[in-house]
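Student:
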Amino acid sequence: MRVAPYLLPLWLAACGAPLPEDAADDVPVDAPSDASPDLPPPHDLGVPVDRAPPPDVPDVPDVPDVPDVPTLADVPDVRDVRDVADVRDVPSVPDVPMVPPGPVLYPSAARHSPITAELVTRLRAISARGPSLSRDVFSKVGDSITVSTSFMACFASASGVDLGGREHLRPTLDLYRSGSVGGTDPYRRISLAATVGWSAGAALSGSPSPLSRELDAARPRAATVMFGTNDIQSRDIFRYGANLLDITDQAIARGVIPILSTVPPRDDNADADLWVPRYNAVVLGVAQSRGVPLVDFHGALLPLASHGLAGDHLHPNTYLSSAGYRACALTPEGLRFGYNNRNLLTLEALHRVAEVTLRGRSAPDADAPRLRGSGSHADPFVIPSLPFADARNTATGGARVFHRYPCRATADESGAEFLYRYTVTRPTPIRAMVITRGATDVDLHLLDRTATAEGCVARDDRVLVTTLAPGTWTFSLDTFVSAGTARAGEYLLVVVPD
């Protein structure tokens, strides 16, 4: 049920006033800059933010969506479950199975998301969907920060490449040098799904969409995906999240492993920059929910001078040596610059994927943070820290205990719900958002320490912005019922500091 975002002051001080969801004009921010010599030439500009240009290549039949692409919340975890009685020297312990760990949580401060044993299984299962795809080709999906020749193109030639001692990356560097799409290696190839000014929706528009045309033409094993810099202009984070989920799911359905990336700071506009952590939390949630790699480009830029951005305070800058621009100099000098960091992170991510899917190597990470709880009333999921994200499907799980909440509405919420517990020790401003697609309608409810429907203090269809007083709070993600039909389905919960 669609209602306006609900803002609730639960503490003495009101939250800082957020930008309204529709405050900004829906215009591109990908403009050229004299301080960004590696941006595309001006004749590439002028593409609407959320619409792709007409295709200039013969139409390729669109591949229909695969309806049964499971999320990690929908499939059994692959775990190493051992009996406690098997442990040596503990003969008195009864033969009781160990409690298996919960789903993997992606740490927000890590440059690379973890790849544990169950995620290796996940990546190999994705690859198995496209056994005939090119093992030495990847695609690039994104906006001008992806279009720029400073992104990856310099890896095509040995001149200008300095791995900075990271010789373990050379097999993967050489692997993609050997790849070819229409006579061009994937490093230098111009992607059909990357254009200046694009938002995530542009890659999906039309039939066939640019994303479909690119994946058909290149037949890649992996794809780098980064959108958000332009999407922030519209402040429609819910449409952005749905589009990013669609891009990710469509790639997975074809057997392509998407490598998602957080977006850089928006130092060109303070209001826009406030939204960057929120959008990046959505990126994290999408990648985590699908068990695919995430690289934190934003985190890599923050310690750099000028955040590794060019003179327009929007696009990454590039290391300029006495021999010219060197975006593939992965040396201490080079890694003081934006594109050099993105190239390193991307090559590392491609290497991590290739190691476990092409070379049969074991998981590079022994373990990772785990989600505690089961989401039930007796055992809610535990939010350990912010930002936090989790995806569930109320069509296949959840309890049906709460039917109506007295807070602000008397809507029929008799569908399935999942519960999340969050404890704070000081006043904590938060923004909780729920992203759904299609007819799914899962609503947000904030419950007091009683964790009951009667203890509901706030409700909204999509977003709650408030300051939590010290104590334990519970979020109930409950399914709205319309005319007797539960609008159940998948949701992505994202909670960030505000």
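Quick note: the sequence shown uses this note's numbering, first residue 5, plus one each step. Glycine is no exception: its CB is placed at the ideal position from the N, C-alpha and C atoms.
Is it the case that the stretch 478 to 494 contacts the stretch 411 to 429, given that we only count it when at least three CB pairs across the two stretches are under 8 Å?
Tutor: Short answer: they touch.
Student: Who does Phe142 pair with in a DSSP beta bridge?
Tutor: In the DSSP output, where bridge partners are listed per residue, Phe142 has Ala226.
Student: Drop a sphere of 10 angstroms on the beta-carbon of Pro474, count the other beta-carbons inside from all chains shown, and report buried for 16 or more, exposed for fewer.
Tutor: Pro474 comes out exposed.
Student: Which ranges would you report for the alpha helix (DSSP H) in the stretch 321 to 375 if only whole runs of at least 4 residues count?
Tutor: If we require 4 residues or more, the alpha helix (DSSP H) runs fully inside the stretch 321 to 375 come out as 342 to 361.
Student: According to DSSP, what are the bridge partners of Thr199?
Tutor: BP columns for Thr199 are empty, so no partner.
Student: With respect to the alpha helix (DSSP H) encompassing Gly506, which residues constitute its N-terminal and C-terminal limits?
Tutor: For residue 506 there is no data in the structure shown, the boundaries of the chain being 5 and 502.
Student: The alpha helix (DSSP H) that contains Ser122, what's its start and end?
Tutor: In the sequence as presented, Ser is not what sits at residue 122; that position holds Glu. Looking at the DSSP string, the run of the alpha helix (DSSP H) that includes Glu122 is Ala121 to Ala132.
Student: Assuming the contact rule is C-beta atoms closer than 8 Å, Arg193 and Val185 should be a hit. Round their C-beta distance to whole Å, please.
Tutor: Correct: roughly 5 Å between the Cβ atoms.
Student: With DSSP as the reference, identify every bridge partner of Val386, one or two as the case may be.
Tutor: Note: Val386 sits in a beta bridge opposite Arg376 and Arg425.
Student: Give me the residue from Asp275, Ser389 and Trp477 with the minimum Cα distance to Glu425.
Tutor: Residue identity differs from the one stated: residue 425 is Arg in this sequence, not Glu. When only C-alpha atoms are compared, the closest one is Trp477.
Student: Among Leu137, Thr266 and Trp279, which residue has its Cα nearest to the Cα of Asp240?
Tutor: It is Trp279.
Student: DSSP three-state call for Pro281: helix, strand or coil?
Tutor: Of the three classes helix, strand and coil, the one that applies to Pro281 here is helix, per DSSP.
Student: Could you tell me the alpha carbon to alpha carbon distance between Thr233 and Asp277, rounded to whole angstroms?
Tutor: Distance between the alpha carbons of Thr233 and Asp277: 10 Å.
Student: With distances taken Cα to Cα, identify the nearest neighbour of His317 among Ser293, Leu496, Gln292 and Arg270.
Tutor: The shortest Cα separation from His317 among Ser293, Leu496, Gln292 and Arg270 belongs to Arg270.
Student: Tell me which same chain residues have a C-beta within less than 8 Å of the C-beta of Arg376, skipping the five on either side of it?
Tutor: Gly106, Phe385, Val386 and Pro388.
Student: Since Cys460 sits in a beta bridge, which residues does DSSP pair it with?
Tutor: In the DSSP output, where bridge partners are listed per residue, Cys460 has Leu451.
Student: Determine the closest residue to Leu472 out of His355, Asn347, Val499 and Arg258, with distance taken between C-alpha atoms.
Tutor: Minimum Cα distance to Leu472 is reached at Val499.
Student: Using a threshold of 8 Å, state whether the C-beta atoms of Ile251 and Arg294 are closer than that.
Tutor: Cβ distance not < 8 Å, so Ile251 and Arg294 don't count as in contact.
Student: Using DSSP with H/G/I as helix, E/B as strand and the rest coil, what is Pro175?
Tutor: Helix, per DSSP.
Student: Between the C-alpha atoms of Val428 and His311, what's the straight-line distance to the nearest angstrom?
Tutor: Each residue's Cα considered, the two are about 31 Å apart.
Student: Helix, strand or coil: which one does DSSP assign to Ser238?
Tutor: Helix.
Student: Label Glu171 either buried or exposed according to how many other C-beta atoms from any shown protein chain fall within 10 Å of its C-beta, with 16 as the threshold for buried.
Tutor: Glu171 should be labelled exposed.
Student: With DSSP run on the structure shown, which of helix, strand or coil describes Asp220?
Tutor: Reduced to three states, the DSSP call for Asp220 is helix.
Student: By the 10 Å Cβ neighbour count, where 16 or more other Cβ atoms means buried, how is Thr444 classified, buried or exposed?
Tutor: Buried, since its Cβ has 16 or more Cβ neighbours within 10 Å.
Student: Taking contact to mean at least 3 C-beta pairs separated by less than 8 Å, is the stretch 320 to 336 in contact with the stretch 195 to 205?
Tutor: As far as the Cβ criterion goes, the stretch 320 to 336 does not touch the stretch 195 to 205, which means the pair count is below three.
Student: Between the beta-carbon of Tyr343 and the beta-carbon of Ser154, is there less than 8 Å?
Tutor: Cβ atoms of Tyr343 and Ser154: closer than 8 Å.
Student: Kindly give me the distance between the Cβ atoms of Ser143 and Ala222, rounded to whole angstroms, as I take these residues to be in contact under 8 Å.
Tutor: That belief holds up - the Cβ atoms of Ser143 and Ala222 are roughly 5 Å apart, short of 8 Å.
Student: Using the DSSP secondary-structure output, state which residues sit across from Asp166 in a beta bridge.
Tutor: Asp166 is bridged to Ala333.
Student: Kindly identify the DSSP beta-bridge partner or partners of Arg192.
Tutor: For Arg192, which the question treats as bridged, DSSP gives no partner whatsoever.
Student: Taking the Cβ atom as the reference point for each residue, do Leu496 and Ala395 lie within a distance shorter than 8 Å?
Tutor: The answer is yes: Cβ separation under 8 Å.
Student: Which one of Arg340, Thr361 and Met230 has the shortest CA to CA distance from Asp147?
Tutor: Comparing Cα positions, the closest option is Met230.
Student: When you compare only the Cα positions, how much space is there between Cys158 and Asp178?
Tutor: Computed Cα separation, rounded: 13 Å.
Student: State the DSSP-derived secondary structure class of Val381, mapped to helix, strand or coil.
Tutor: Note on identity: in this sequence residue 381 is His, with Val being the wrong assignment. His381 falls in the coil class under three-state DSSP.
Student: For Met102, count neighbouring Cβ atoms within 10 angstroms of its own Cβ and tell me buried if that reaches 16, exposed if not.
Tutor: For Met102, the predicted structure reports a pLDDT of 42, less than 50, and the residue's modelled location is therefore unreliable. The matter cannot be settled from this model.
Student: With H, G and I counted as helix, E and B as strand and the rest as coil, what does DSSP make of Asn503?
Tutor: Nothing in the structure corresponds to residue 503, since the chain is present only between 5 and 502.
Student: Alpha carbon to alpha carbon, how far is Ser326 from Val73? Give it in angstroms, no decimals.
Tutor: Its pLDDT being 44, under 50, Val73 is placed unreliably by the model, and the measurement read from it follows with that caveat. Between Val73 and Ser326, the C-alpha separation is close to 50 Å.
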